[in-house]
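In the UniProt record's numbering, the protein residues as written are 1 to 360. Using N, Cα and C, we set each Cβ at its ideal position, and we do this for glycine too. Given the structure is predicted, the values throughout are model-derived calculations rather than measurements. What follows is a short report on a single structure.
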């Protein structure tokens, strides 16, 4: 039995060492890819270093005392130091100094990362309206994300497109319950609430974004329901020129012209007849009030990295999602809101969704 316990302990130790080296640049907080992430990583390393030093010093003192004052065959009692003013001052002052060393950069970073005055000025300027610096309105819902670029009149979902090497400011809120917006390698996290807006900024480094193939994973970091772990989104990090090109394509996108094949045109009619259009907009310029936008905008659906934020983007997974969304995201609001689709309708609707592209 003892041998088994030691083997399990050894196996656990080896696995801990091996897994500690796991990490990918698109998801790991330990591989920062932006200014905010760099600051947070530096603070984490500083606090870790302080803790390691404290533990090391305490351990050394403990071993020293244990060895020096162990019983040596006599009943002599060591000199007692209780009530020593010198020692009391030392073990009071040292923790205070360590707290100051940690507190000063933490407070400075907190104020720096909370500085959103440039965003407020940009939004107050009618001619700017959130173009320079770029402002993105983020709205979290069960279990999907909406991204609005107010300076350009563009709305999209699930895939967040951001320019690199510049500060991007965010307004964040939730439409149902509390969620939390987090892009681990880039920075965050910050709650999205139903009763107020939170604001912050991020900046992605272009060189490190390239190492992650310009794609990062975003997560909901606040337990919000049965599909909380599946409330993902993707971040596409592009140059400013590529971002401007994408914005122009989105602004000029016309959903009524994309269905070219007979099957896609049939799918467009299915999309209308089954009531999908009542929840899902297919225009990036969605002028409906926020409360009416109850499902992800599908304007550039065919360009997205994932189906429903979690499935690899291919025809089979689109069909699987349309057949039974509850299977893949329990508790999602799409479940049970439409009639059953025949195989012909399913194929047609899939072809139509695959035609919703601004890149092709």
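Roughly how many whole angstroms lie between the Cα atoms of residue i and residue j?
| i | j | result |
| --- | --- | --- |
| residue 259 | residue 300 | 13 Å |
| residue 27 | residue 234 | 10 Å |
| residue 42 | residue 51 | 14 Å |
| residue 79 | residue 71 | 14 Å |
| residue 448 | residue 286 | It is not possible to answer for residue 448, since the shown part of the chain is limited to 1 through 360. |
| residue 328 | residue 145 | 17 Å |
| residue 225 | residue 332 | 9 Å |
| residue 142 | residue 340 | 23 Å |
| residue 147 | residue 311 | 20 Å |
| residue 262 | residue 214 | 35 Å |
| residue 293 | residue 280 | 7 Å |
| residue 105 | residue 98 | 12 Å |
| residue 36 | residue 66 | 45 Å |
| residue 163 | residue 10 | 47 Å |
| residue 306 | residue 313 | 5 Å |
| residue 231 | residue 210 | 25 Å |
| residue 95 | residue 48 | 15 Å |
| residue 83 | residue 92 | 13 Å |
| residue 87 | residue 63 | 18 Å |
| residue 152 | residue 126 | 12 Å |
| residue 324 | residue 109 | 46 Å |
| residue 132 | residue 123 | 9 Å |
| residue 353 | residue 264 | 8 Å |
| residue 69 | residue 54 | 22 Å |
In chain order, what residues of the same chain lie with their CB nearer than 8 Å to the CB of residue i, ignoring the 5 residues before and after it?
| i | result |
| --- | --- |
| residue 253 | 283, 284, 299, 300 and 358 |
| residue 277 | 271 |
Please identify the residue among the options whose C-alpha is closest to the C-alpha of residue i.
| i | options | result |
| --- | --- | --- |
| residue 165 | 188, 179, 178 and 134 | 134 |
| residue 157 | 304, 313 and 38 | 304 |
| residue 118 | 45, 129 and 110 | 129 |
| residue 189 | 40, 6 and 53 | 40 |
| residue 150 | 159, 161 and 137 | 137 |
| residue 196 | 239, 159 and 139 | 139 |
| residue 29 | 87, 116 and 212 | 212 |
| residue 111 | 175, 200, 177 and 124 | 200 |
| residue 269 | 345, 222, 334 and 313 | 345 |
| residue 289 | 175, 323, 237 and 85 | 175 |
| residue 342 | 168, 291 and 267 | 267 |
| residue 247 | 160, 46 and 206 | 160 |
| residue 113 | 75, 168, 275 and 152 | 168 |
| residue 238 | 75, 44 and 203 | 203 |
| residue 256 | 107, 355, 236 and 76 | 355 |
| residue 229 | 44, 251 and 308 | 308 |
| residue 275 | 236, 334 and 90 | 334 |
What are the partner residues of residue i, as DSSP defines its beta bridges?
| i | result |
| --- | --- |
| residue 362 | The shown model of the chain, from 1 to 360, leaves out residue 362, and the question about it has no answer. |
| residue 157 | 146 |
| residue 312 | 306 |
| residue 191 | 180 |
| residue 215 | 236 |
| residue 363 | Past the edges of the chain, shown from 1 to 360, lies residue 363, and the structure says nothing about it. |
| residue 169 | 135 and 201 |
| residue 162 | 237 |
| residue 220 | 181 |
| residue 34 | 204 |
Can you list, in chain order, the residues of its chain with a C-beta nearer than 6 Å to that of residue i? Leave out the 5 residues immediately preceding and following it.
| i | result |
| --- | --- |
| residue 208 | 33 |
| residue 38 | 32 |
| residue 295 | 279 and 280 |
| residue 177 | 224 |
| residue 240 | 163 |
| residue 205 | 33 and 34 |
| residue 243 | 163 |
Residues in the same chain with beta-carbon distance under 7 Å from residue i, minus the five sequence neighbours each way, listed in chain order, please.
| i | result |
| --- | --- |
| residue 330 | 226 and 227 |
| residue 102 | 46, 47 and 50 |
Is residue i near the ligand HEM, judged by its Cβ being under 7 Å from some heavy atom?
| i | result |
| --- | --- |
| residue 94 | Judged by which ligands are present, the structure shown has none, so any question about the ligand HEM falls away. |
Query raised in the report: Any contact of the region 216 to 224 with the region 178 to 189, i.e. 3+ C-beta pairs under 8 Å?
Result: yes
Query raised in the report: Does the region 341 to 358 come within contact of the region 313 to 324, defined as at least 3 CB pairs closer than 8 Å?
Result: yes
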